[in-house]
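Notes follow once the structure below has been shown.
Protein chains: 2
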Amino acid sequence: MARNTQVPADHNPPPVTRTLAEFVANHPSRGWSDAVDHEAHRTFFNWLGCGIGAAHHEAADAALRALAVMQPAPQATVLGRKERIDISGAALVNGITSHTFDFDDTHLKTIIHPAGPVASALLALAEVTGASGRAVIDSLVLGIDVACRVGNAMYPDHYDRGWHITGSTGMLGAAAACSRLMGLNADQTQMALGIAASTPVGLREQFGTMTKPFHPGAAARSGLFAALLAREGFTASKRALEAPRGFMQVASTKCDWNEITDELGSRFEISFNTYKPFACGIVIHPAIDACAQLRAEFAKSGVKADDVERIEIAVHSLVLELTGKKEPKDGLEAKFSVYHGCAAGLLFGQAGEGEFDDALVTSDAVVNIRRKVVATVDPTIDEAEVRAVAIMKDGMRKEVHVEHAIGSLQRPLTDADLERKFSSLAAPVLGQAALAPLIAAALGLSAAADVHQLVRLSVPAH
Amino acid sequence: MARNTQVPADHNPPPVTRTLAEFVANHPSRGWSDAVDHEAHRTFFNWLGCGIGAAHHEAADAALRALAVMQPAPQATVLGRKERIDISGAALVNGITSHTFDFDDTHLKTIIHPAGPVASALLALAEVTGASGRAVIDSLVLGIDVACRVGNAMYPDHYDRGWHITGSTGMLGAAAACSRLMGLNADQTQMALGIAASTPVGLREQFGTMTKPFHPGAAARSGLFAALLAREGFTASKRALEAPRGFMQVASTKCDWNEITDELGSRFEISFNTYKPFACGIVIHPAIDACAQLRAEFAKSGVKADDVERIEIAVHSLVLELTGKKEPKDGLEAKFSVYHGCAAGLLFGQAGEGEFDDALVTSDAVVNIRRKVVATVDPTIDEAEVRAVAIMKDGMRKEVHVEHAIGSLQRPLTDADLERKFSSLAAPVLGQAALAPLIAAALGLSAAADVHQLVRLSVPAH
Numbered sequence: 000m001a002r003n004t005q006v007p008a009d010h011n012p013p014p015v016t017r018t019l020a021e022f023v024a025n026h027p028s029r030g031w032s033d034a035v036d037h038e039a040h041r042t043f044f045n046w047l048g049c050g051i052g053a054a055h056h057e058a059a060d061a062a063l064r065a066l067a068v069m070q071p072a073p074q075a076t077v078l079g080r081k082e083r084i085d086i087s088g089a090a091l092v093n094g095i096t097s098h099t100f101d102f103d104d105t106h107l108k109t110i111i112h113p114a115g116p117v118a119s120a121l122l123a124l125a126e127v128t129g130a131s132g133r134a135v136i137d138s139l140v141l142g143i144d145v146a147c148r149v150g151n152a153m154y155p156d157h158y159d160r161g162w163h164i165t166g167s168t169g170m171l172g173a174a175a176a177c178s179r180l181m182g183l184n185a186d187q188t189q190m191a192l193g194i195a196a197s198t199p200v201g202l203r204e205q206f207g208t209m210t211k212p213f214h215p216g217a218a219a220r221s222g223l224f225a226a227l228l229a230r231e232g233f234t235a236s237k238r239a240l241e242a243p244r245g246f247m248q249v250a251s252t253k254c255d256w257n258e259i260t261d262e263l264g265s266r267f268e269i270s271f272n273t274y275k276p277f278a279c280g281i282v283i284h285p286a287i288d289a290c291a292q293l294r295a296e297f298a299k300s301g302v303k304a305d306d307v308e309r310i311e312i313a314v315h316s317l318v319l320e321l322t323g324k325k326e327p328k329d330g331l332e333a334k335f336s337v338y339h340g341c342a343a344g345l346l347f348g349q350a351g352e353g354e355f356d357d358a359l360v361t362s363d364a365v366v367n368i369r370r371k372v373v374a375t376v377d378p379t380i381d382e383a384e385v386r387a388v389a390i391m392k393d394g395m396r397k398e399v400h401v402e403h404a405i406g407s408l409q410r411p412l413t414d415a416d417l418e419r420k421f422s423s424l425a426a427p428v429l430g431q432a433a434l435a436p437l438i439a440a441a442l443g444l445s446a447a448a449d450v451h452q453l454v455r456l457s458v459p460a461h
Numbered sequence: 000m001a002r003n004t005q006v007p008a009d010h011n012p013p014p015v016t017r018t019l020a021e022f023v024a025n026h027p028s029r030g031w032s033d034a035v036d037h038e039a040h041r042t043f044f045n046w047l048g049c050g051i052g053a054a055h056h057e058a059a060d061a062a063l064r065a066l067a068v069m070q071p072a073p074q075a076t077v078l079g080r081k082e083r084i085d086i087s088g089a090a091l092v093n094g095i096t097s098h099t100f101d102f103d104d105t106h107l108k109t110i111i112h113p114a115g116p117v118a119s120a121l122l123a124l125a126e127v128t129g130a131s132g133r134a135v136i137d138s139l140v141l142g143i144d145v146a147c148r149v150g151n152a153m154y155p156d157h158y159d160r161g162w163h164i165t166g167s168t169g170m171l172g173a174a175a176a177c178s179r180l181m182g183l184n185a186d187q188t189q190m191a192l193g194i195a196a197s198t199p200v201g202l203r204e205q206f207g208t209m210t211k212p213f214h215p216g217a218a219a220r221s222g223l224f225a226a227l228l229a230r231e232g233f234t235a236s237k238r239a240l241e242a243p244r245g246f247m248q249v250a251s252t253k254c255d256w257n258e259i260t261d262e263l264g265s266r267f268e269i270s271f272n273t274y275k276p277f278a279c280g281i282v283i284h285p286a287i288d289a290c291a292q293l294r295a296e297f298a299k300s301g302v303k304a305d306d307v308e309r310i311e312i313a314v315h316s317l318v319l320e321l322t323g324k325k326e327p328k329d330g331l332e333a334k335f336s337v338y339h340g341c342a343a344g345l346l347f348g349q350a351g352e353g354e355f356d357d358a359l360v361t362s363d364a365v366v367n368i369r370r371k372v373v374a375t376v377d378p379t380i381d382e383a384e385v386r387a388v389a390i391m392k393d394g395m396r397k398e399v400h401v402e403h404a405i406g407s408l409q410r411p412l413t414d415a416d417l418e419r420k421f422s423s424l425a426a427p428v429l430g431q432a433a434l435a436p437l438i439a440a441a442l443g444l445s446a447a448a449d450v451h452q453l454v455r456l457s458v459p460a461h
């Protein structure tokens with residue numbers, strides 16, 4: 000089956016590999032607003048919680064057993080675990096765990112989860128180089144800018160083609176970030192981006208398997224190694240991103256070069272990063288949010304879950320297309336059930352990883368509420384929107400209208416929300432008592448002399 | 000600059016990931032002809048010489064310094080060197096050196112250099128598992144079959160798009176070979192191929208830089224790790240090659256599934272592997288061959304180089320387009336000079352890496368002969384062909400017509416030719432005295448209980 004396309008190449012692209020390399024090497028430390036710097040800390044903090052939360056997932060166990068064959072040196076921390084492995088392996092495993100629950104950050108314009116590849120490479124490297132917290136945050140901002148700008152230039156064509164864009168731009172973000180952290184000059188950074196361009200990671204076909212979270216991990220490892228090679232004088236094409244046979248034209252028919260260069264150094268893509276409040280696909284978030292708001296109303300007026308006769312929700316057609324499963328049998332299926340999402344919102348006011356526990360999903364209390372949810376497609380309702388009405392046994396009605404769910408750019412999680420999310424992820428792994436100093440260390444990272452206290456607090460004490 | 004293509008996906012592809020996995024896991028040991036088994040030994044032997052020959056190239060030095068940051072365990076041999084590093088690093092570095100001189104093997108139908116990714120992963124793994132020589136050769140045949148069959152299915156579109164097909168099919172070959180060597184079953188092998196499908200390596204834009212030989216090395220490492228992950232239960236899509244958003248449809252518009260399944264288990268792609276006799280682009284090979292034949296004629300009739308007035312060669316237009324450099328300044332430029340190639344053939348009867356030495360390229364003897372070469376494009380001459388006429392000062396003429404150069408499928412290198420090539424590469428690194436037992440070990444690999452003697456002989460004794 001031969002299919003035909005011949006896309007004319009752009010033979011005169013601007014030198015974006017060089018432009019990005021100079022930017023990464025030369026942009027001043029903290030050369031951005033307080034808001035951007037704060038968002039970088041939030042991005043790092045959210046990544047850290049996700050990584051710790053999934054520390055004992057079977058994907059992490061399998062990856063660590065595979066790495067053990069190489070007898071890795073005990074150089075760097077595996078989040079939430081006692082094993083220490085080499086920095087390349089730590090970048091890989093922390094990248095895997097940070098994306099395992101699909102609960103990490105999202106650059107909405109490209110659907111890139113930017114922290115996984117970038118922060119995972121950075122923290123491992125910083126642990127052996129002794130880099131300052133300030134340098135880590137600087138490198139995080141710049142690395143994420145590189146990945147998301149390349150993503151902006153190629154999205155949506157690159158993603159539509161089937162690339163999992165988190166891994167297929169993440170190696171560039173990680174290479175940029177590690178180059179910056181090691182103080183490489185623009186020429187070396189250009190080589191690091193060039194080497195990394197030859198190792199894109201990730202296919203959408205892998206969604207639903209362990210290889211999906213493998214993508215940010217493998218991208219972190221590739222980018223880190225590209226920077227190490229570049230430091231040692233390894234060479235690559237100077238136009239590896241933009242040339243007719245460079246990465247971007249090979250992997251995307253859309254290559255909007257302006258997305259890379261416009262407002263470079265004044266607009267930072269990390270500003271547009273968002274954090275999931277609920278551990279499931281973003282399309283159910285408005286419904287969960289609406290039901291959590293109903294729960295809060297009920298609490299004020301003394302209504303009990305048992306008093307509810309029916310919950311009617313009016314949703315966009317995509318919601319039922321993607322998440323129309325009425326009777327999910329386990330946690331994984333529940334992530335594709337707007338009915339379960341509504342039940343979690345009503346009963347618990349949240350939908351973290353714990354609310355997708357297999358036993359909870361099939362418990363009587365949850366099943367009972369879930370069956371009261373009636374979902375209807377309403378063509379006047381937007382994807383980001385939901386209308387929910389609770390009808391009580393006594394005929395009383397409560398209505399909630401969500402235009403943008405909590406966690407969207409319009410209604411970002413507050414720092415307190417992020418702390419609650421972090422705690423729900425980290426407490427089962429590290430214990431509640433360990434959390435306060437770790438939260439302080441993460442949110443104050445840029446003031447730390449190095450990352451050693453942070454990583455010490457990120458693993459179980461006993 | 001947005002460019003438009005929407006290629007309709009093939010939503011009903013055959014299950015080639017499964018088919019290949021079953022083949023790799025279940026095909027009997029030595030389930031092929033003596034000729035195929037002998038070709039596998041030749042492929043391994045040629046790869047070994049190339050790797051040893053480039054052991055001290057600056058690309059290898061840089062890669063080893065970058066790897067040293069990870070403090071690798073001394074598990075496996077780096078060809079031609081005393082350092083021992085972990086198996087993942089050894090797979091990488093041996094993959095790099097085997098392709099550094101661009102002197103390795105070529106599967107002509109796809110321009111894949113198949114041994115680099117596959118043999119580099121296998122030898123490193125065999126060193127720690129204690130696998131038999133027989134198992135290594137079996138795995139080499141099967142791994143190369145996987146890489147080249149996937150290549151056949153996607154070539155030429157995949158290559159035209161800009162992928163360096165050696166690295167972007169090599170990770171599959173390495174994953175298949177390592178799965179076989181570890182005795183993974185078909186389900187596990189299917190997962191290994193699936194994981195590897197997410198990590199293709201290589202852009203043609205990198206040609207002329209160290210990142211070109213990095214491609215087979217990185218593919219070797221990716222494939223090896225994919226097999227290790229699969230053994231530990233790591234999961235991937237079962238249709239990672241063929242699905243609409245699987246690797247092949249993402250990376251190629253041509254996906255000829257029959258190329259994967261036709262005569263599977265009876266036709267082996269390693270049969271079509273060739274070995275370069277000269278360390279330069281294949282387009283000059285007929286001219287070098289012709290001049291080497293003239294040299295042999297001269298020797299018989301007592302003619303000296305000084306007696307030659309002029310060498311006229313009639314060539315295909317591509318020869319002057321790609322290699323028309325008249326006065327190369329160094330070895331790298333000389334690889335793109337048909338004039339230098341002819342001089343090397345006439346003076347030395349060969350054009351190994353030594354004949355592209357910088358000092359030799361600009362020596363009086365070489366320059367003197369080079370300037371006597373007159374090349375003319377002849378539209379009746381095929382790409383594989385050359386006519387060369389030597390005109391002596393006394394007016395005498397000698398003519399040679401080469402229809403297919405030495406090293407082509409029509410005129411394969413003999414085992415003796417391969418031994419000469421091997422010696423020219425390995426002698427400067429290991430010393431002449433070390434070669435005989437190593438040659439015997441490589442060409443007799445399938446009879447060895449393990450690879451330990453072979454790898455011991457592949458590094459300097461002192």
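Residue numbers (numbering that gives the first Met the number 0), protein chains in the order written: chain A, 0 to 461; chain B, 0 to 461.
By construction, the Cβ of each residue, glycine as well, lies at the ideal position given by its N, Cα and C atoms.
Measuring only the C-alpha atoms, how far is residue i from residue j?
i	j	result
A/Y338	A/E296	20 Å
B/F277	B/V454	26 Å
A/I143	A/L121	11 Å
B/H403	B/D33	25 Å
B/A72	B/A89	11 Å
A/E268	B/S197	26 Å
B/F233	B/V282	44 Å
B/R238	A/Q205	9 Å
A/A146	A/G52	25 Å
B/A1	A/A242	Model confidence at B/A1 stands at a pLDDT of 35, short of 50, so the residue's coordinates are unreliable and nothing is read from them.
A/E398	A/A389	6 Å
B/Y274	B/L293	22 Å
B/L319	B/A118	35 Å
B/V35	A/N25	56 Å
Under 8 Å from any heavy atom of the ligand NAD, does the C-beta of residue i make it?
i	result
B/D36	In the structure shown, the ligand NAD is absent, as is every other ligand, since no ligand is present at all.
Which one or two residues does DSSP pair with residue i in a beta bridge?
i	result
A/E398	A/V388
A/E311	A/V373 and A/V388
B/H98	For B/H98, which the question treats as bridged, DSSP gives no partner whatsoever.
A/I111	A/H106
B/R266	B/L263
A/R462	With chain A represented from 0 up to 461, any question about residue 462 of chain A goes unanswered, as that position is not in the structure.
B/S336	B/G323
Who are the Cβ neighbours of residue i in its own chain at under 6 Å, not counting the five residues just before and after it?
i	result
A/V445	Per the sequence shown, residue 445 of chain A should be read as Ser rather than Val. Excluding residues within five positions, the ones whose Cβ falls inside 6 Å are G132, R133 and I136.
A/S423	G351
A/A235	M190, G193 and I194
Contact list for the region 66-78 of chain A against chain B, Cβ threshold 7 Å: Those would be V68, M69, Q70, A72 and Q74, in chain order.
Selection of the region 246-280 of chain B by Cβ proximity to chain A, strictly under 8 Å: Residues of the region 246-280 of chain B that bring their beta carbon within less than 8 Å of a beta carbon in chain A comprise F246, Q248, V249, T252, K253, C254, D255 and W256, in sequence order.
Cβ pair count under 8 Å reaching 3, the region 421-437 of chain B against the region 391-410 of chain B: With the cut-off at 8 Å, the region 421-437 of chain B and the region 391-410 of chain B do not touch.
Residues within the region 191-210 of chain A neighbouring chain B, beta-carbon criterion of under 9 Å: Interface annotation for the region 191-210 of chain A against chain B: G193, I194, A196, S197, T198, P199, V200, G201, L202, R203, E204, Q205, F206, G207, T208, M209 and T210, criterion Cβ-Cβ distance under 9 Å.
If contact is defined by three or more beta carbon pairs under 8 Å, each pair taking one atom from either stretch, is the region 147-167 of chain A in contact with the region 179-189 of chain A? The region 179-189 of chain A vs the region 147-167 of chain A: no contact.
Segment contact flag, the region 154-161 of chain A with the region 174-182 of chain A, C-beta cutoff 8 Å, min 3 pairs: Contact between the region 154-161 of chain A and the region 174-182 of chain A is absent, because fewer than three Cβ pairs lie under 8 Å.
Could you please tell me which residues of the region 135-163 of chain A, in chain order, have their CB closer than 9 Å to any CB of chain B? Look at the region 135-163 of chain A: the residues with a C-beta under 9 Å from a C-beta of chain B are D156, D159, R160, G161, W162 and H163.
Chain-ordered residues of the region 83-111 of chain A with a beta carbon less than 7 Å from chain B: Listed by position, the residues of the region 83-111 of chain A near chain B (Cβ gap below 7 Å) are D85, I86 and S87.
Cβ contact check for the region 407-421 of chain A and the region 300-315 of chain A: 3 or more pairs under 8 Å: Cβ pair count under 8 Å is below three, so no.
Does the structure place the region 7-15 of chain B close enough to the region 85-102 of chain A that three or more beta carbon pairs sit under 8 Å? At 8 Å Cβ cutoff, the stretches do not touch.
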